[in-house]
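The numbering of the sequence shown is this note's numbering, which starts it at 23 and goes up by one. Here is the structure we will look at.
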Amino acid sequence: MIAPDEVIRHFIAGEVKITPLGSGHIHKTFSVSGFKNFVLQRVNIQVFTQPETIAQNHRMAFNYLSEKHPQFRFPKTLPDMAGNDLYFDTEGFPWRLYEMIENTFTMNEVASVADAYEAAKGFGALARNLNGIDVAQFQPTLPRFHDLAWRYEQFDEALQKTSRECVQTAQHEIEQARTFHFLVTEYQHLIRGSSLLLRVTHNDTKINNILFDSLSRKAVCAIDLDTLMPGYFIYDLGDMVRTFVSPVSEEEKNLDKIVFRKEIYEALLDGYLSEMNSVLTTEEKKSIPFAGKMMTYIMALRFLADYLRGNTYYHITYPQQNLVRASNQLRLLALIHREVV
Ligand code: GN1
Ligand code: MG
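And the structure:
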């Protein structure tokens, strides 16, 4: 890998200190401190085969928001010295540089109803401010990313191709995953029924993608915009449910620690709807209870498929990690399914 210290010189001049940043599963991200602070990221081109689309979508959203909602905080990128949004290193990897948003922090689990409300309001504000933008101009950065039917097919395909040993180890999770197949049917009905409007959605609204103000604990800005693309509101609302309601993250091995916190669920709905209530149609609102189930199921299927495939997609630090994540998400799904009607 080309060193970030080498790459940064193509963006800015001067002395800087570079350290790894964040807990993302896909890209390599670094914090850059110098005369100002920045975030430097190497895009994973095995996953994002058309990285230009990330830059294009970001630019269109940035321009729209700067014009229509100039007070709204949205991450700014800095071009390289040749004026490009992406700098390609000598190995062919694209890099992006963002301004660092100062005096903020992120969290991996939601600790209080106030935090749940604030974070959901933050993602809701992004959705509301993007309402009205021309969706047709946006390309998917990852085609069919949250298409539940396709994710199920991919899981099935991975299952057909995997080793007998893997099937045995993951037996329990495979069976559990199958029992929720009815959600795929429900998803297909929803999409075919055209009750959901195509919008520009964030598509990765997990709790650690919102920046909180260090002093006020208010949501300042949504980050991680590589999946900003056409989508349905349930994708964003659903990923909030998935990552907010449990006191532990998708990495937790002890399934007994996973619980559905009703008060957090209600607070996140309140926060999101404080921004989106007048934007969503009556038909869309009928899908609110489906959102969390769908997104938790999709992540269970994706983690499980990756385990069966031999861990080719998500970064892992130990061999069973994707199976642990899948098992965690399946437990959470069962709880959401029981509690949300
Ligand atoms: C990935 O890279 P990261 O951590 O921002 C994934 C999301 C998942 C998430 C699960 C492009 O996001 O869809 O919800 O892991 N992003 C991509 O933690 O696959
Ligand atoms: Mg992401």
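We put the CB at the ideal spot given by N, CA and C, even for glycine. Computed from a prediction, not measured in an experiment: that's the story for all the values here.
Can you name the start and end residues of the beta strand (DSSP E) that Leu233 belongs to?
Segment Ile232 to Asp235, the beta strand (DSSP E) holding Leu233.
Just the C-alpha distance for Lys240 and Gly260, rounded to the nearest angstrom, thanks.
Straight-line Cα distance between these residues: approximately 21 angstroms.
Have a look at the DSSP bridge pairing and note the partners of Arg353.
In DSSP, Arg353 forms no bridge with anything.
State the DSSP-derived secondary structure class of Ala241, mapped to helix, strand or coil.
Note: Ala241 maps to strand in three-state DSSP.
Let me know the secondary structure DSSP gives Lys228 once reduced to three states.
Coil, per DSSP.
Beta carbon of Gln182, beta carbon of Glu272: below 8 angstroms?
No, these two residues do not count as a Cβ contact at 8 angstroms.
For Glu124, which option in Leu326, Leu291, Ala313 and Asn59 has the closest C-alpha, if you only look at C-alpha atoms?
Checked all of Leu326, Leu291, Ala313 and Asn59; the closest Cα to Glu124 is Asn59.
Gly293 to Gly146, Cα distance in whole Å?
Distance between the alpha carbons of Gly293 and Gly146: 7 angstroms.
Mind checking who Val69 pairs with in its DSSP beta bridge?
Residue pairing by DSSP places Val69 opposite no residue, since no beta bridge is assigned to it.
Measure the Cβ-Cβ separation of Gln72 and His49 and say whether it is below 8 angstroms.
Taking 8 angstroms as the Cβ cut-off, Gln72 and His49 do not qualify as a contacting pair.
Check this for me: beta carbons of Val135 and Ala313, under 8 angstroms apart or not?
It is not a contact, given that the beta carbons lie outside the stated cut-off.
Could you check whether the Cβ of Gln224 sits closer than 7 angstroms to any heavy atom belonging to the ligand GN1?
For clarity, residue 224 is His in the given sequence; the question names Gln instead. Relative to the ligand GN1, the beta carbon of His224 is positioned no closer than 7 angstroms to any heavy atom.
Please report the distance separating the alpha-carbon of Phe282 from that of Val267.
Roughly 6 angstroms separates the two Cα atoms.
Minimum C-alpha distance to Thr41 - residue among Ser55, Ala35 and Glu28
For Thr41, the nearest C-alpha among the options comes from Ser55.
Are the beta-carbon atoms belonging to Gly253 and Asn231 less than 8 angstroms from one another?
Going by C-beta atoms, Gly253 is not nearer than 8 angstroms to Asn231.
Tyr372 burial status per 10 Å Cβ neighbour count (16 or more: buried)
There is simply no residue 372 to check, as the chain begins at 23 and stops at 363 in what is shown.
Straight-line CA distance for Ala348 to Glu37?
Using only the alpha carbons, I get a separation of about 43 angstroms.
Measuring CB to CB, does Val296 end up less than 8 angstroms from Ile256?
Looking at the sequence shown, residue 296 is not Val but Ser. No, the Cβ-Cβ distance between Ser296 and Ile256 is not below 8 angstroms.
Contact check, Phe94 vs Leu323 under 8 angstroms by CB: the rounded distance?
In this structure Phe94 does not touch Leu323 by the C-beta definition: roughly 34 angstroms separates them, more than the 8 angstroms allowed.
Can you grab the Cα-Cα spacing for the pair Tyr86 / Gly154, in whole Å?
Cα to Cα, the separation comes out at about 10 angstroms.
Measure the C-alpha to C-alpha separation of Val65 and Leu330 and round it to an integer number of angstroms.
Spanning the two alpha carbons is a distance of roughly 25 angstroms.
Alpha carbon of Leu220 to alpha carbon of Leu302, nearest angstrom
Their Cα atoms are separated by approximately 11 angstroms.
Give the straight-line distance between the Cα atoms of Glu113 and Gly332, rounded to the nearest whole angstrom.
If I take the Cα positions, the gap works out to 25 angstroms.
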